[in-house]
Ligand code: BGC
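Numbering (my numbering), first residue to last: 10 to 774.
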């Protein structure tokens, strides 16, 4: 896509209206607060192409699975992130004609996502068919300070003459998911009430029974004075609205402030929803738009203070990285351990379910470094809470023990239904165990091990024991019929990455057992009993660790993605006719599967996770072999390559991959941004700056940096939190400064040298 949004450090700016980009901008400029989110739809009616989207975290619908040929073990349903009550709507009529940008002549137009303050603003002038010219300035928030509150200020001015304005703020619960499998509606009406100054609407999801109440109030002012209103009340099934008609003089601005509260039975007793929503709304309405806005901006200021990355000398890169950080914060706030990070967040519907391995493999490091550790801890708690379901899932597939976490889930149950992924892409289990290591290594908080994480890791290890298979002729353990992270090969034998991460989990489980035995014998005794730990089982795991088969080619010195990889015709992407890309849109699936082309990091994913076990030469040989065959058609791909390229000193490649990840949605690289944003890969972008360019690692419990700066940048700086300390790291072409903003001394390793930075001091190297 051509560069559509103006480069700006803090804002995403659309400076003119092009209906072809409207749905893309609706995704890009989405706002959210970890509890609810809203696409950047227009408040007033729009009859052009649009994906109206309002989403509440954790509210889902089990849409009946749709497959061509049913296979035993398939999940019955696919959990859909639910599009819910449209709470932003304000229809406007001017002298009897609807304001609808699809039918008006647009003069000026701008839609701006202000990432610093978390606001969406829109300004335009338009001429209607009846000759009336109007100017609109609108701003809205999903409040980060009051999570259930959404607030809109909508100012309209008729520029050429006096006019009658008919204003219709409403709540519409008659919503359908665009991705509904059988074209069904997922919501039933429950209740509505409508008085002159308050409207409430309650709806319930079919099957899952989530009840959702919205309450709305509004006021209209002219020349700063509130008007006394006698609205016409509309109260239909799943719809409540107010209609008022006001006279406006030429050039007089009429301001509508609409405040809404949205609450669900996930958080409140069903019977109390209307009263809770009303109370929250009354309180917010009394404070008024400006006060709500100020509180919201203050929360964002704090978030940026802890997690901003500043790039000097490259506005496109600066905008890209802030865009990614912004959407990560909008998607997940760690307050609720039942929630997770959906690949589309609150920006679209595609990818039902909320949780993929993306969370552990890509997102966890972001929250570890940019927020209090309790936020990252919630992600471990989330998986542990779903352990029983993961055990059921393993049983359902015929395993005798252990836990197999789902590929996609909302509540712990698997809801992905392509056999090559559901049944075979089991490497996901390893990432969930790896997250425990990542968390403990970063935070030093070992309490999670005895509290619950030993159980998660142990049950995953049990699954691997059951899944590997002793190949008598080889005299080694093998793993047959899997799909690795590279989904462009299915049903392969001995995917190196899967064998590697499985064996690693067994090692880590043994390590945790020993850790508890030595450090927390009391806790160990309890877990030994509860988990039924036996020496026979532990010895079996050791036997697997010692005898696992890892495909390797001596001549090339590379790990083989799978047993048959070298039998393929090995072609590099650069030798492909560019018109053939992206392969997933141009080639038949069969052709892709037979080819050597790789969707995303696979062997390299393992070398990234277990980087401290492999020397640079090994990483280099594997990178040189696999990257040229990689098409990066998963949004998760470029970041891992960028990080490894940094480590290998492939600076140009590192920057090329970084750009691809950081502006993936802004520049619509994958041609699918209208469906929603690639939220989980955004954390990968953050990693490619912090783990890639800044080279952040943990070495013997110490934070270590090995910075490098892309030629295109003058300097970059970022904040990281580490074990109660907040560090501000500035990397320049010739020097790195680290300021310890906390009130205790911190040790770091900078380019191989261990240094201590006293409290509130700056060190330069
Ligand atoms: C990737 C998976 C990922 C999923 C959701 C797929 O395209 O291949 O690794 O989990 O998207 O982001």
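Where is the CB? At the ideal position from N, CA and C, for every residue including glycine. From a predicted model like this one, the values you see are computed outputs, not experimental measurements.
Residue i (DSSP reduced to helix, strand or coil)
{"i": "residue 119", "result": "strand"}
{"i": "residue 536", "result": "helix"}
{"i": "residue 746", "result": "strand"}
{"i": "residue 263", "result": "strand"}
{"i": "residue 71", "result": "strand"}
{"i": "residue 112", "result": "helix"}
{"i": "residue 412", "result": "coil"}
{"i": "residue 447", "result": "helix"}
{"i": "residue 373", "result": "helix"}
{"i": "residue 549", "result": "helix"}
{"i": "residue 187", "result": "coil"}
{"i": "residue 555", "result": "helix"}
{"i": "residue 364", "result": "strand"}
{"i": "residue 759", "result": "strand"}
{"i": "residue 350", "result": "coil"}
{"i": "residue 753", "result": "coil"}
{"i": "residue 860", "result": "Outside the displayed span of the chain (10 to 774) sits residue 860, for which this structure offers no information."}
{"i": "residue 102", "result": "strand"}
{"i": "residue 285", "result": "helix"}
{"i": "residue 765", "result": "strand"}
Sequence-distant residues of its chain with Cβ nearer than 8 angstroms to residue i (five each side left out)
{"i": "residue 324", "result": "16, 17 and 18"}
{"i": "residue 441", "result": "366, 369, 392, 414, 465 and 469"}
{"i": "residue 577", "result": "603, 604 and 605"}
{"i": "residue 85", "result": "71, 73 and 74"}
Whole-angstrom C-beta distance between residue j and residue i, which should lie under 8 angstroms
{"i": "residue 190", "j": "residue 331", "result": "No, residue 190 and residue 331 are not in contact; Cβ-Cβ is about 37 angstroms, not under 8 angstroms."}
{"i": "residue 254", "j": "residue 173", "result": "6 angstroms"}
{"i": "residue 147", "j": "residue 113", "result": "15 angstroms between Cβ atoms; not a contact."}
{"i": "residue 321", "j": "residue 724", "result": "5 angstroms"}
{"i": "residue 126", "j": "residue 271", "result": "Going by Cβ atoms, the distance from residue 126 to residue 271 rounds to 21 angstroms, so no, they are not a contact pair."}
Span separating the alpha-carbon of residue i from that of residue j
{"i": "residue 220", "j": "residue 743", "result": "58 angstroms"}
{"i": "residue 662", "j": "residue 309", "result": "33 angstroms"}
{"i": "residue 279", "j": "residue 287", "result": "14 angstroms"}
{"i": "residue 347", "j": "residue 257", "result": "49 angstroms"}
{"i": "residue 58", "j": "residue 120", "result": "17 angstroms"}
{"i": "residue 572", "j": "residue 537", "result": "38 angstroms"}
{"i": "residue 650", "j": "residue 407", "result": "36 angstroms"}
{"i": "residue 150", "j": "residue 298", "result": "10 angstroms"}
{"i": "residue 24", "j": "residue 124", "result": "16 angstroms"}
{"i": "residue 770", "j": "residue 329", "result": "30 angstroms"}
{"i": "residue 101", "j": "residue 165", "result": "9 angstroms"}
{"i": "residue 674", "j": "residue 591", "result": "16 angstroms"}
{"i": "residue 648", "j": "residue 247", "result": "44 angstroms"}
{"i": "residue 344", "j": "residue 277", "result": "15 angstroms"}
{"i": "residue 411", "j": "residue 506", "result": "20 angstroms"}
{"i": "residue 266", "j": "residue 341", "result": "27 angstroms"}
{"i": "residue 399", "j": "residue 422", "result": "7 angstroms"}
{"i": "residue 655", "j": "residue 456", "result": "34 angstroms"}
Cβ-Cβ distance between residue i and residue j below 8 angstroms
{"i": "residue 225", "j": "residue 96", "result": "yes"}
{"i": "residue 420", "j": "residue 391", "result": "no"}
{"i": "residue 2", "j": "residue 351", "result": "The chain is shown from 10 up to 774; residue 2 falls before or after that span and cannot be answered."}
{"i": "residue 177", "j": "residue 249", "result": "no"}
{"i": "residue 449", "j": "residue 463", "result": "no"}
{"i": "residue 170", "j": "residue 107", "result": "no"}
{"i": "residue 180", "j": "residue 223", "result": "yes"}
{"i": "residue 667", "j": "residue 701", "result": "yes"}
{"i": "residue 491", "j": "residue 433", "result": "yes"}
{"i": "residue 695", "j": "residue 334", "result": "yes"}
{"i": "residue 489", "j": "residue 502", "result": "yes"}
{"i": "residue 745", "j": "residue 755", "result": "no"}
{"i": "residue 617", "j": "residue 653", "result": "yes"}
{"i": "residue 52", "j": "residue 99", "result": "yes"}
{"i": "residue 359", "j": "residue 497", "result": "no"}
Beta-carbon proximity list for residue i, same chain, < 6 angstroms, skipping 5 on both sides
{"i": "residue 706", "result": "713"}
{"i": "residue 467", "result": "518 and 540"}
{"i": "residue 356", "result": "36, 39, 685 and 686"}
{"i": "residue 62", "result": "48 and 92"}
{"i": "residue 634", "result": "567"}
Beta-carbon proximity list for residue i, same chain, < 7 angstroms, skipping 5 on both sides
{"i": "residue 5", "result": "Shown here, the chain extends from 10 to 774; a query on residue 5 therefore has no answer."}
{"i": "residue 438", "result": "413, 414, 469 and 472"}
{"i": "residue 291", "result": "none"}
Minimum Cβ-Cβ distance from residue i to chain B less than 8 angstroms
{"i": "residue 23", "result": "No chain B appears in this structure, which consists of one protein chain only."}
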